[in-house]
């Protein structure tokens with residue numbers, strides 16, 4: 002049964018396991034890869050919208066007179082609003098039609114991105130970034146829920162890794178094509194062009210996406226087949242020790258990643274005295290994103306194989322990834338040799354996405370199936386509320402001269418990666434056996 006049909010606003014649940022209904026060796030529903038491709042395009046567009054602004058920092062400073070601290074708040078404002086909004090919107094993905102959630106989210110995101118090109122000062126830019134964050138906030142939890150219903154535990158890490166290719170691709174496009182269009186025309190026109198692309202994607206999702214039915218919800222167990230109230234759903238997630246440790250690890254890993262993504266183009270622009278936005282964006286993104294592609298491929302395949310043998314398989318891959326990030330980030334923060342930086346950024350991209358590619362599947366292993374979207378939303382709440390202040394903090398330090406190079410800030414992110422690795426290790430050793438709700442079949 003297609004849960005998108007009929008007049009009932011709630012998506013149709015099922016009291017049977019997806020693996021049981023399709024067979025113990027099944028990898029998911031028949032059209033799972035087509036659904037995956039549409040979700041990846043959706044995510045690519047959303048991620049492109051949110052990241053474009055970091056590759057046009059110099060003209061924003063020149064045209065609107067922004068300070069480095071204000072640039073940092075454009076990033077922080079987005080993340081704080083995104084996090085607060087997810088306190089409730091993640092629940093929408095557990096209870097209502099997820100296709101409608103995606104269409105509303107991407108459609109309004111496209112509108113506010115186009116309006117960003119019309120901004121005249123910092124206040125307007127910040128307000129539009131906040132509105133962009135609020136409109137985008139419901140999408141990722143809904144996408145995560147759809148992915149879990151389309152694929153069984155046998156292939157979830159692999160499927161999520163393939164889906165997440167949209168992230169490095171969007172960053173590469175934002176860094177190169179965004180900078181190129183800004184150089185060729187203006188930063189204002191660049192936002193308009195990408196808003197137009199977003200409108201085309203909205204139309205494609207509306208015409209082509211089919212919503213799969215809910216899976217792996219069991220009547221009389223946990224939140225049941227129909228799910229619980231908002232408070233019941235939140236409580237079911239926040240009382241799982243493994244989820245709390247996973248959230249703390251994500252806070253550290255995400256903070257390290259976002260600081261690097263936001264400030265690395267500016268770091269290269271300043272250190273190498275570049276005059277081209279496209280050149281700075283290219284150097285800051287291509288080596289890292291090339292490593293990301295390799296990390297996504299390895300992370301998904303290795304995690305699915307290890308998870309069939311050990312319940313800690315996905316978590317072990319995440320832990321290894323964060324451990325490798327520590328020396329890679331350290332080299333990035335102290336070297337000014339382009340060849341060395343290229344290698345270090347490639348290794349960082351690979352290692353960090355060994356971690357990120359398994360975040361959702363690891364979360365699904367420890368939370369109730371009826372709370373998946375809420376759990377993913379909560380991860381973003383925790384990371385956003387506690388990590389968003391780092392970008393303006395770094396911008397303030399750099400602007401005031403307390404740090405003379407952004408490389409000093411990157412060195413601190415190596416410590417965050419080490420903390421993330423330690424927290425994931427604690428899950429494996431202390432809490433996972435009790436909290437595990439997944440399958441090794």
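Numbering (the working numbering), first residue to last: 2 to 442.
Where is the CB? At the ideal position from N, CA and C, for every residue including glycine.
Here the structure is a predicted model, which is why all the values come from computation and not from measurement.
Using DSSP with H/G/I as helix, E/B as strand and the rest coil, what is residue i?
i	result
residue 29	strand
residue 195	helix
residue 76	helix
residue 359	coil
residue 57	helix
residue 141	helix
residue 63	helix
residue 211	coil
residue 120	coil
residue 174	helix
residue 133	helix
residue 166	coil
residue 414	helix
residue 244	helix
residue 230	coil
residue 187	coil
residue 432	helix
residue 437	coil
residue 261	helix
residue 110	helix
residue 70	helix
residue 38	helix
residue 336	coil
residue 146	helix
residue 158	helix
residue 237	helix
What whole-angstrom Cβ distance do residue i and residue j have, given they're in contact under 8 Å?
i	j	result
residue 210	residue 194	Contact doesn't hold; Cβ gap of about 24 Å is too wide.
residue 113	residue 67	With a Cβ gap of about 19 Å, residue 113 and residue 67 do not count as contacting.
residue 213	residue 105	The pair is not a contact, with the Cβ atoms about 19 Å apart (cut-off 8 Å).
residue 290	residue 350	6 Å
residue 437	residue 366	6 Å
residue 355	residue 296	5 Å
residue 337	residue 272	6 Å
residue 374	residue 143	6 Å
Less than 6 Å between C-beta atoms, sequence neighbours within five positions excluded: which residues of the same chain meet that for residue i?
i	result
residue 345	329, 332, 333
residue 1	The chain is shown from 2 up to 442; residue 1 falls before or after that span and cannot be answered.
residue 188	57, 60
residue 76	263, 392
residue 404	398
residue 130	75, 78, 79
residue 41	164, 167
residue 383	248, 252
residue 432	242, 243
residue 425	250, 316, 319, 320
residue 33	151, 152
residue 88	382
residue 417	253, 256, 257
residue 364	376
DSSP has residue i in a bridge; who is on the other side?
i	result
residue 152	29
Taking 8 Å as the limit between beta carbons, can you name the residues of its chain near residue i, skipping five residues before and five after?
i	result
residue 287	173, 176, 177
residue 70	393, 396, 397, 400
residue 1	The chain is shown only over 2 to 442; residue 1 falls outside these bounds and no answer can be derived.
residue 64	188
residue 341	332
residue 121	65
By Cβ distance, which residues of its chain are closer than 7 Å to residue i, with the 5 residues on each side in sequence left out?
i	result
residue 314	304, 307, 308
residue 47	107, 110, 137, 140
residue 39	206, 209, 210
residue 82	131, 134, 135
residue 385	80, 81, 83, 84
residue 161	148, 301, 358, 361, 362
residue 420	253
residue 171	45, 48, 49, 52
residue 202	42, 43, 46, 107
Hey, which unbroken runs of the alpha helix (DSSP H) at 4 residues or more fall wholly within the segment 266-323?
-> 278-310
Whole alpha helix (DSSP H) elements within the segment 338-404, 4-residue minimum | 339-357, 360-365, 373-388, 391-401
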